[in-house]
Amino acid sequence: FSVAGDIVGVYESSSPSEPLATGIVSGVTQKVINIAFDESHSDALNLSSDNTYRLLKLANDVTYKRIKKALITLNQYHTGPATRIIDVLFGLSEPSSAGLAGPVEFLNPSLDDSQKEAVVFSLNQREVAIIHGPPGTGKTTTVVEIILQAVKQGLKVLCCAPSNVAVDNLVERLAAYKERILRLGHPARLLESLQHHSLDAMLARSDNSQIVADIRKDIDLTFAKIRKLPRKEEKGSFRTEIKALRKELKEREEAAMIETLKAANVILSTTTGASPDGPLKLLPDNYFDLVVIDECAQALEASCWIALLQARKCILAGDHKQLPPTIISHKAASKGLSLSLMERLIDKYGDRLVRMLTVQYRMNDSIMQWASQALYGGKLTAHSSVVHHLLNWPHASRISFEKCFFFLGHHGTQSHSNN
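Note that the numbering used here has the sequence shown beginning at 61, numbered continuously upward.
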C-alpha cells in the first residue's frame, strides 16, 4: 500500500479473520502511514498498547459490484426517467430533437464555431448527444459550457468521468465560474487543491457540523467511561446511551448530507462513484435532468450505465480514436466489452447524434495534419495561435529542422549488451 488511495484494513494479530476497521491510505512517509477511515470506528479503534495489530491491503470489489447491480437494474428497467435513453441507446427508438426556446447566449466568449455548434446541438437533443473532441480541440471547454447552459435552464446535472483525474479537471473548470458544484468521492483520492469542493468538506462547513461534532465527542466520552468500568454488567446502560447517540448522529449526518446535495446544481463523481448506493441514495427518484459523461470513449459501457439510469437525457464526450477502455480479460474483450458506448453509438447513428470539434489549439499544423488525415478524415484545422508553433526552450536556436514532424525508423531485432 505504497500508493495513496489504496484500501486497507486494521486487524488484531491474534484474530486476523475480520478487520477492526477499513479505510483508505491518504499519505505515506518513511515512518508514518495516514489512513482516512470510512466512518466512525470509535469503538473498534480504541486500540490497546498491550496488543499488536496488522495493516493489510484489501481487494476492492466495490466497482464490480456496482457495475453488476447497474446491469441487473438495466435488465429489469421498465419505467423511469431513463426509459427514452435506454430505447435510443439500444436502437429500440430513434433519437429526437426537443427544439430550443430561443438563441443561446454563450457564457464563454472564446468558443469557436464548431464548439458553439456542439453546444447548441447538445442542448437541442431530447435524449442523447455526443461530442467528439480530437486532441486539443477544447472538448472539456465545450462540456463546461454545456453544463453551465443546462444549469442556466434550471436543470440538475450529474457529471461523471471514468477517472478521478478527469473529474477533477471538470471540477477545476466549473469552479472558475463560481458555480454551485459538489464533488463526490473519498478525499484521499481528490486533488488537494479541490478538496474544499468535496462532500466531506462541504459537510464540515454546514450548519449541522458543530452538532455532529458534539455528538461524536459524547460518544467518545462514553466509550472512555466504559473502559474504566471493572464489571461487564455495569457497562450495559452506557452501551444503550451510545446506541441512542449513534442513531441521532446518523439522522443529523443524513439531514446535513441531503441539504448539501440539494444545494448543488452540478454533482460530479467517477462513473462508479455515481452509484445510487452511495450518497446519491439520499436524493429523491428522478432528481437529475441531465447526465454528462466526459472521456466516455475510455469508459466501460457497463460502468456508464450506473449514471445513465438516473436521468432522462445524456451527453457523452470523448474521442473514440484515442485510448479505448482498459480490458484485462481477453474473453471479455472478445465478447464486446472493449467497445465503448460512444463508439457503438457513433457506428450506429453517425452524424445524427454526433458533433465533432474541428479546431485544435495544441500543435503545429504539420504535426496535426498527419493525425487529421489518418484518424479524423482531414477535418481538423490548426488555430492561428499554434499553426506555426515551434519548440520554445533556451537551446532551441542551436537546433535546426526543416520540418517539425518526422518519423524515426526502429527496424531490427531486440538485443542485449553487457556494457
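Where a beta carbon is used, it is the ideal one built from N, C-alpha and C, also for glycine. All values reported here derive from a predicted model rather than from experimental measurement.
Express the C-alpha separation of residue j and residue i in angstroms, rounding to a whole number.
{"i": "A142", "j": "L134", "result": "10 Å"}
{"i": "N94", "j": "V68", "result": "11 Å"}
{"i": "E403", "j": "C464", "result": "32 Å"}
{"i": "G151", "j": "R144", "result": "10 Å"}
{"i": "K199", "j": "L399", "result": "21 Å"}
{"i": "S444", "j": "Q420", "result": "10 Å"}
{"i": "G438", "j": "D379", "result": "15 Å"}
{"i": "A96", "j": "D228", "result": "20 Å"}
{"i": "V63", "j": "V92", "result": "13 Å"}
{"i": "D425", "j": "T201", "result": "21 Å"}
{"i": "Q255", "j": "S153", "result": "42 Å"}
{"i": "G193", "j": "T300", "result": "58 Å"}
{"i": "S174", "j": "V70", "result": "53 Å"}
Checking the sheet assignment: what are the DSSP bridge partners for residue i?
{"i": "S75", "result": "E72"}
{"i": "G410", "result": "BP columns for G410 are empty, so no partner."}
{"i": "V88", "result": "I93"}
{"i": "M416", "result": "H192"}
{"i": "C219", "result": "L328, V352"}
{"i": "S258", "result": "R243"}
{"i": "G83", "result": "V68, F97"}
{"i": "T200", "result": "Answer is none; T200 lacks a bridge partner."}
Which class does residue i belong to by DSSP, given the choice of helix, strand or coil?
{"i": "L160", "result": "coil"}
{"i": "C464", "result": "coil"}
{"i": "I387", "result": "coil"}
{"i": "H45", "result": "Residue 45 lies beyond the residue range present for the chain, which begins at 61 and ends at 479; the question has no answer from this structure."}
{"i": "Y113", "result": "strand"}
{"i": "N135", "result": "helix"}
{"i": "N120", "result": "coil"}
{"i": "L350", "result": "strand"}
{"i": "S394", "result": "helix"}
{"i": "G378", "result": "strand"}
{"i": "A359", "result": "coil"}
{"i": "T320", "result": "helix"}
{"i": "T441", "result": "strand"}
{"i": "Q370", "result": "coil"}
{"i": "Q185", "result": "strand"}
{"i": "T282", "result": "helix"}
{"i": "P339", "result": "helix"}
{"i": "S170", "result": "coil"}
{"i": "L451", "result": "coil"}
{"i": "A210", "result": "helix"}
So residue i packs on residue j, CB below 8 Å; how close in whole Å?
{"i": "N224", "j": "T330", "result": "6 Å"}
{"i": "L423", "j": "G196", "result": "Checking the sequence shown, residue 423 turns out to be Met, not Leu. Correct: roughly 6 Å between the Cβ atoms."}
{"i": "I191", "j": "L234", "result": "At roughly 16 Å, the Cβ-Cβ gap does not stay under 8 Å, so I191 and L234 are not in contact."}
{"i": "Y137", "j": "I127", "result": "Actually they are not in contact, since the Cβ atoms of Y137 and I127 sit about 15 Å apart, beyond 8 Å."}
{"i": "L340", "j": "A334", "result": "7 Å"}
{"i": "L188", "j": "Q209", "result": "Reading off the sequence, residue 188 comes out as Val, not Leu. Wrong, their Cβ atoms sit about 17 Å apart, outside the cutoff."}
{"i": "L435", "j": "K381", "result": "5 Å"}
{"i": "D354", "j": "V203", "result": "5 Å"}
Answer yes or no: the CB of residue i versus the heavy atoms of the ligand ADP, is any distance below 7 Å?
{"i": "S269", "result": "By its list of ligands, the structure shown contains no ligand whatsoever, and the ligand ADP lies outside what it can speak to."}
Discussion item. Would you call the segment 212-226 in contact with the segment 349-363, where contact means no fewer than 3 C-beta pairs closer than 8 Å?
Written reply: Yes, they touch.
Worksheet item: Are the segment 269-285 and the segment 312-319 in contact at 8 Å, needing three or more beta carbon pairs?
Response: The answer is yes - the segment 312-319 touches the segment 269-285, with three or more Cβ pairs under 8 Å.
Worksheet item: Is it true that the segment 257-266 meets the segment 236-249, where meeting means three or more beta-carbon pairs spaced less than 8 Å apart?
Response: Between the segment 257-266 and the segment 236-249, the count of Cβ pairs shorter than 8 Å is three or higher; the stretches touch.
Discussion item. I'd like to know if the segment 361-374 and the segment 114-130 are in contact, where contact means that at least 3 CB-CB pairs between them fall below 8 Å.
Written reply: In this structure the segment 361-374 lies against the segment 114-130, because at least three pairs of beta carbons, one per stretch, are closer than 8 Å.
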